[in-house]
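Protein chains: 2
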Amino acid sequence: MSQLVGNLLVAQSGGPTSAINASIAGVITEAGRHPDCIEEIYGGLNGIYGILNEELIDIQEEQQASIDALRYTPAAALGTCRYKIDFKRNPEKASQDMDRLFQVFQAHNIRYFFYAGGNDSQDTSHKIHEESVKRGWDMRVIGVPKTIDNDLPHTDSCPGYGSAIKYCATTVREVGMDVASMATDDGSCCIIEVMGRSAGWIAAGTVLAKGGLPENPPHIILLPEIQYNVDEFIAKVKSTIEAYGYCVVVVGEGIKNKEGEEIGADKTRLDAFGHPVLAGAAEILKEYIQEKLNTKTRTVMLGYAQRAAAHWASLTDTNNGFACGESAVRAAIQGQSGYMVKIIRQAGSNGSVEWSTGLQPLSDIANVEHFVPREWISEDGYLPNDQFVEYARPLVEGEVRPRMVDGLPAYAQLSKVRIDKVLAPRG
Amino acid sequence: MSQLVGNLLVAQSGGPTSAINASIAGVITEAGRHPDCIEEIYGGLNGIYGILNEELIDIQEEQQASIDALRYTPAAALGTCRYKIDFKRNPEKASQDMDRLFQVFQAHNIRYFFYAGGNDSQDTSHKIHEESVKRGWDMRVIGVPKTIDNDLPHTDSCPGYGSAIKYCATTVREVGMDVASMATDDGSCCIIEVMGRSAGWIAAGTVLAKGGLPENPPHIILLPEIQYNVDEFIAKVKSTIEAYGYCVVVVGEGIKNKEGEEIGADKTRLDAFGHPVLAGAAEILKEYIQEKLNTKTRTVMLGYAQRAAAHWASLTDTNNGFACGESAVRAAIQGQSGYMVKIIRQAGSNGSVEWSTGLQPLSDIANVEHFVPREWISEDGYLPNDQFVEYARPLVEGEVRPRMVDGLPAYAQLSKVRIDKVLAPRG
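Chains as they are written, first to last, in our numbering: chain A, 1 to 427; chain B, 1001 to 1427.
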């Protein structure tokens, strides 16, 4: 094991989750245990986007209470971005960006770099790791997993996912009880739209609201992984209403029509990665149901609330997020680089689940999407089965209790003391 | 005080709230303290709708643990309805309904009747009270206030409202932090749509998320009470993004355009009371913003989640709901009838707020809507002011802690043991 002495830089990327700040708290906490290797602990503001502009803060200026509160604070406390270093589409700009990044790393003697994010961010980490080797800049690069979408491969689960489904399943249970309690002559339907562009993990996770009882909502879960038939779907809504008087449908935003097109896609708008910005799968299903069944149908679109609902985060999830941060630093101190931390599940005593962490080469992770396995979904495709429930249930265990002030959660606000810039502004 | 001995019937009506079951628990708990007057405690399923069909349950068959759990259980545990006895529109049917209701009351010796609901339900209670006098059926009728809309007059607030704004303000804070943390070159906007057809109490309540700081979200709150100008609104969004890099807008579903029409109204669908079913004010504002400012804009539509989010209910609110139920029974035992229980706010010691209850004649309540006072809104109309904050803040104090099983809240499920029907089925 080689002793590498220098500064640490941690940053966040992609859509926030309720657990991403817990991971940062883990990095910071573990870093503080290695003063022999880690001299300064810096935060990069808004991920790569801010680092390119040399926007760094001094984490050691933050109050310990703020670092502690990061364990239950939503959003990205360091700021985040959707910025891609894309050698395929724009090799010239990507090279310039990479040069600039390494100017920043060298100017501030960054020897430990931790990047918390999803697929695209792991890809960025991977490229930075490769560049550091190529350029002979001795720097340890470890990716920290983060995504409510739960679509990173090789890890049992992704920090952020357990909290997202704890909140979404709770909401589905509550909304389902509300809809069930309203008597109507001709039944009613409610459609709850959740995130998940390609992978249906969040939609699937709401099956926990059933508590194992077929009559409980959600009655139908539509996953992007499955090819649905509209007529069959409508028939299923109809038979559910006949059986229970109402029907609660959960839909992943990215479900596709027969032609393989996302039914909620507004193709006129693209995000920074060139994907269509989605909205409205629930509204379109509502139109179908009202047209075909003439059933009063309401929709709920949780949107960003589902990834930001830290007031109802899963303690298991935020603990796993924290552990990933700690583990990333330990691995780097031990000389590892070019890995993503992964979560490993083990059977504990008396049926409990125990969690540990491991490492997976970033080259195995970048841009690979992990989908809900077909064998975890019922034969007809409309509900995850017991195997899925066995997987998902331990992820929502335990409650985070944020500090409350005036009846509302008081989340961490970092003071963000800037590090002096030493480079000329980016051209 | 006349001693009236007989059975009690309690029922729920209108849209559920997170506190309506707490009120029922209060009725049941207080009723149990008066065995000399109250012989049997019945629940009417689905309000008037079920009572007309003689759908009654025996509350004394429920487990005490279930009654206790009602204090934090969402939806309407007895079931609810939107059924109006409308003497103006359909006098013949209304007379038949009233005859039938009194057949049910008499068949089951109902001498105490409690109805928890909003404006329309208080109107129903008022009519039942008047009919009981007219028909010489000695029965005490007390309305129990309930509505997230907070639009009942004469009461400080309505049980359900404090919980709705605790949840909505928390969500706005969390979503606002999420939006703020995402760096963009050209700013971003998020619009959160909340309930409130005519009165903007819920939208206004999200101002608590600001914690008194102008830079904190929400930056703009659009109330149905105020006539807005689209160009001025767009300019306000623009200047907010220039100042803070992002803008969070909260909109009450019922906001109106220059012509006084609800901008989100889908006029092709009407509810049971002939009002248009609203949806989409946020989507329409999003279109404006994207068209005029070309700013990436996301929406959140909480829908039923905001009235069902018992996992994050306000303890003050559910305690007030419980106290209203208790107070209703005490008033009836003391010989009162034809009143709604109201909540009274008093200054406590060291700046705290103390709550008590009182009575208001139902004739003062029925079909009167209470709006956010103009003097509680900033001059430009875009934010509630400090007077509003002083009013709303005590309503969100305290947390309800539902029992948790497998990481999700375990809510009360009544066993609903039916009372034998003694009447011929309704014609």
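Using N, Cα and C, we set each Cβ at its ideal position, and we do this for glycine too. Computed from a predicted structure; not experimentally measured.
Could you pull the start and end residues of the alpha helix (DSSP H) that residue i belongs to?
i                       : result
residue 1415 of chain B : Where residue 1415 of chain B is concerned, there is no enclosing alpha helix (DSSP H), given that its DSSP letter is neither H nor E.
residue 1205 of chain B : 1201-1205
residue 1220 of chain B : Unbroken run through residue 1220 of chain B is the beta strand (DSSP E), 1220-1222; no alpha helix (DSSP H).
residue 400 of chain A  : Looking at the DSSP string, residue 400 of chain A is not in any alpha helix (DSSP H), and its letter there is neither H nor E.
residue 1104 of chain B : 1091-1107
residue 1324 of chain B : 1315-1333
residue 1025 of chain B : 1020-1031
residue 1388 of chain B : 1386-1392
residue 283 of chain A  : 281-293
residue 66 of chain A   : 64-69
residue 1307 of chain B : 1305-1308
residue 1151 of chain B : Element bounds for residue 1151 of chain B: n/a, residue is neither H nor E.
residue 1362 of chain B : 1362-1365
residue 1049 of chain B : 1047-1051
Note down, in chain order, every chain B residue with its Cβ under 9 Å from the Cβ of residue i.
i                      : result
residue 218 of chain A : In chain order: nothing, as chain B lies at least about 13 Å away.
For residue i, write down the residues that DSSP places opposite it in a beta bridge.
i                       : result
residue 58 of chain A   : A:42
residue 190 of chain A  : A:248 and A:298
residue 1143 of chain B : B:1115 and B:1340
residue 357 of chain A  : A:343
residue 6 of chain A    : A:38
residue 1182 of chain B : A:80
residue 1408 of chain B : B:1405
residue 438 of chain A  : An answer regarding residue 438 of chain A cannot be provided, because it is not within the stretch 1 to 427 covered by chain A.
residue 262 of chain A  : A:256
residue 377 of chain A  : A:384
residue 1012 of chain B : B:1116
For a contact meaning CB atoms closer than 9 Å, what does residue i contact in chain A?
i                       : result
residue 1398 of chain B : 404 and 407
residue 1209 of chain B : 408
residue 1081 of chain B : 182, 183 and 184
What in chain B is Cβ-close to residue i, meaning under 7 Å?
i                      : result
residue 49 of chain A  : 1183
residue 44 of chain A  : By Cβ distance, chain B contributes nothing, its closest Cβ being about 11 Å from residue 44 of chain A, past 7 Å.
residue 190 of chain A : 1304
Cβ of residue i within 8 Å of Cβ of residue j?
i                       : j                       : result
residue 116 of chain A  : residue 24 of chain A   : yes
residue 1327 of chain B : residue 1126 of chain B : no
residue 300 of chain A  : residue 1305 of chain B : yes
residue 1150 of chain B : residue 1201 of chain B : yes
residue 1189 of chain B : residue 1289 of chain B : yes
residue 337 of chain A  : residue 141 of chain A  : yes
residue 17 of chain A   : residue 159 of chain A  : yes
residue 1406 of chain B : residue 100 of chain A  : no
residue 97 of chain A   : residue 110 of chain A  : no
residue 1285 of chain B : residue 1192 of chain B : no
residue 1318 of chain B : residue 1400 of chain B : yes
residue 1209 of chain B : residue 414 of chain A  : no
residue 252 of chain A  : residue 196 of chain A  : yes
residue 314 of chain A  : residue 163 of chain A  : yes
residue 80 of chain A   : residue 343 of chain A  : no
residue 1060 of chain B : residue 1040 of chain B : yes
residue 369 of chain A  : residue 198 of chain A  : yes
residue 331 of chain A  : residue 26 of chain A   : no
residue 91 of chain A   : residue 365 of chain A  : no
residue 396 of chain A  : residue 169 of chain A  : yes
residue 7 of chain A    : residue 77 of chain A   : no
Ends of the beta strand (DSSP E) at residue i?
i                      : result
residue 347 of chain A : 339-347
Show which residues of chain A have a CB atom less than 7 Å away from the CB atom of residue i.
i                       : result
residue 1178 of chain B : 16, 74, 75, 304, 307 and 308
residue 1357 of chain B : Correct list: empty, because the minimum Cβ distance to chain A is about 21 Å.
residue 1314 of chain B : 407
Name, please, each residue of chain A whose Cβ falls closer than 8 Å to the Cβ of residue i.
i                       : result
residue 1006 of chain B : Correct list: empty, because the minimum Cβ distance to chain A is about 26 Å.
residue 1129 of chain B : Near residue 1129 of chain B there are no residues of chain A at all, since even the closest Cβ is about 23 Å away, more than 8 Å.
residue 1393 of chain B : 406 and 407
residue 1311 of chain B : 170, 174 and 312
Residues of chain B with a CB under 8 Å from the CB of residue i: which are they?
i                      : result
residue 300 of chain A : 1301, 1302, 1303, 1304 and 1305
Where the segment 156-175 of chain A meets chain B: residues whose CB sits under 8 Å from a CB there: 166, 169, 170, 171, 173, 174 and 175
Contact list for the segment 1085-1117 of chain B against chain A, Cβ threshold 9 Å: none
Chain A contacts from the segment 1410-1422 of chain B (Cβ-Cβ distance under 7 Å): 1411
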